[in-house]
Amino acid sequence: MTFYHPFSPSVSLKSKTLIVPVVSIGNVPQLAVDLLITTFDLKQIGIFDSRDLVPVVGPREEGPGVSTPLELYGKDGVDIVVVQQRSPVLKMHKEAFSTALVKFVQKNELGALLYLTGVDLSNRSDAQMLAPTYSLIPPPAPSKSENIPFIPGGGLTRRLLSLAPSSTPWKVPTAAILQFVLEGDNRADAEFLAGVVARVLKLSVAQWKQPGSWSVGLFGTPHDQTLYG
Numbered sequence: 011m012t013f014y015h016p017f018s019p020s021v022s023l024k025s026k027t028l029i030v031p032v033v034s035i036g037n038v039p040q041l042a043v044d045l046l047i048t049t050f051d052l053k054q055i056g057i058f059d060s061r062d063l064v065p066v067v068g069p070r071e072e073g074p075g076v077s078t079p080l081e082l083y084g085k086d087g088v089d090i091v092v093v094q095q096r097s098p099v100l101k102m103h104k105e106a107f108s109t110a111l112v113k114f115v116q117k118n119e120l121g122a123l124l125y126l127t128g129v130d131l132s133n134r135s136d137a138q139m140l141a142p143t144y145s146l147i148p149p150p151a152p153s154k155s156e157n158i159p160f161i162p163g164g165g166l167t168r169r170l171l172s173l174a175p176s177s178t179p180w181k182v183p184t185a186a187i188l189q190f191v192l193e194g195d196n197r198a199d200a201e202f203l204a205g206v207v208a209r210v211l212k213l214s215v216a217q218w219k220q221p222g223s224w225s226v227g228l229f230g231t232p233h234d235q236t237l238y239g
């Protein structure tokens, strides 16, 4: 099975930082990636085999065609490449998907791997109430997921963080940025998380640009008030 299908073989991912939004509470990572893609004018450079994900398609933001569950965005002159994941991993395919993603990072010699994750705000400990975000860096040696702290609402984050060091030889700097959120209108949370990513990766952003779909598709179109008399 070929996991990644590039649109152009000449596009190199070597030494770039891969940003992966983990499907988690509030979908804040996906919204933060939307901001990164739109603000830096990143283009779709490939798609991933989505057999491990819930099947879904939709219209494209930038023109004709369809969006698929798992796509890769990048651009010459920008040191990041960004995954956009639009549907969750199927329950029985978690291990297969996680392994394929880690092998993709190794095969393409990416320079760093950064996961973005939402965490349930209502499950914060007292110590975690001091900041809206925190980071996790997996041990350099192979470790079990039990050595990664519990991440309520964090999807596959624990599995992904524990799997990377187990893939010998693993030399890719890996980390996760987690943000405490609740379900609802998370556009402000997404902008905050994108800002943290920009500071961590030293990306220059004057102002975040929201995708046009946010104004019409994020919560649906406004109701026609004449329907209610």
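So the sequence shown is numbered by this note's numbering: it starts at 11 and just counts up by one. Beta carbons: idealized from backbone N, C-alpha and C, even for Gly. Bear in mind the structure is a predicted one, so any value in this text is a computation, not a measurement.
When you compare only the Cα positions, how much space is there between residue i and residue j?
{"i": "Asn196", "j": "Gln217", "result": "18 Å"}
{"i": "Phe160", "j": "Thr236", "result": "48 Å"}
{"i": "Leu173", "j": "Thr48", "result": "31 Å"}
{"i": "Lys181", "j": "Glu119", "result": "10 Å"}
{"i": "Ser97", "j": "Leu80", "result": "8 Å"}
{"i": "Gly75", "j": "Met139", "result": "44 Å"}
{"i": "Ala122", "j": "Thr184", "result": "6 Å"}
{"i": "Lys26", "j": "Gln189", "result": "23 Å"}
{"i": "Pro221", "j": "Ser60", "result": "24 Å"}
{"i": "Tyr125", "j": "Ala200", "result": "14 Å"}
{"i": "Ala186", "j": "Tyr238", "result": "47 Å"}
{"i": "Lys113", "j": "Val88", "result": "23 Å"}
{"i": "Lys53", "j": "Gln94", "result": "12 Å"}
{"i": "Leu111", "j": "Val226", "result": "32 Å"}
{"i": "Asp51", "j": "Asp86", "result": "11 Å"}
{"i": "Pro179", "j": "Arg169", "result": "18 Å"}
From the beta carbon of residue i, is the nearest beta carbon of chain C less than 7 Å away?
{"i": "Ala200", "result": "Among the chains in the structure shown there is no chain C, since it carries only a single protein chain."}
In its own chain, which residues sit with a C-beta less than 8 Å from the C-beta of residue i, not counting the 5 before and 5 after it?
{"i": "Leu192", "result": "Ile35, Gly36, Asp130, Leu131 and Ser132"}
{"i": "Leu23", "result": "Gly84, Val91, Asn118, Glu119 and Leu120"}
{"i": "Val207", "result": "Ile29, Ala42, Leu46, Leu124, Leu126, Ile187 and Leu213"}
{"i": "Gly194", "result": "Gly36"}
{"i": "His313", "result": "Nothing can be reported for residue 313: it is not among the residues displayed for the chain, which extend from 11 to 239."}
Beta-carbon within less than 7 Å of residue i's beta-carbon, same chain only, minus the 5 sequence neighbours each way: which residues are those?
{"i": "Ala204", "result": "Ala42, Leu45, Leu46 and Trp218"}
{"i": "Tyr144", "result": "Gln138 and Leu188"}
Would you please state the rounded distance, in angstroms, between the beta carbons of residue i and residue j? I believe it to be under 8 Å.
{"i": "Ile57", "j": "Thr78", "result": "5 Å"}
{"i": "Thr127", "j": "Val32", "result": "5 Å"}
{"i": "Ile158", "j": "Leu146", "result": "7 Å"}
Give the range of the beta strand (DSSP E) segment to which residue i is assigned.
{"i": "Thr143", "result": "Thr143 to Leu146"}
{"i": "Ile55", "result": "Lys53 to Phe58"}
Just to confirm my understanding: we take residue i, look at its own chain, exclude 5 residues before and 5 after, and list those with CB closer than 6 Å. What are they?
{"i": "Ser223", "result": "Glu71"}
Taking the alpha helix (DSSP H) that residue i falls in, what are its first and last residues?
{"i": "Phe114", "result": "Lys104 to Lys117"}
Q. Should the segment 106-121 be regarded as contacting the segment 66-76, the criterion being three or more beta carbon pairs within less than 8 Å?
A. no
**Q.** Three-pair Cβ contact test at 8 Å for the segment 132-146 versus the segment 69-83
**A.** no
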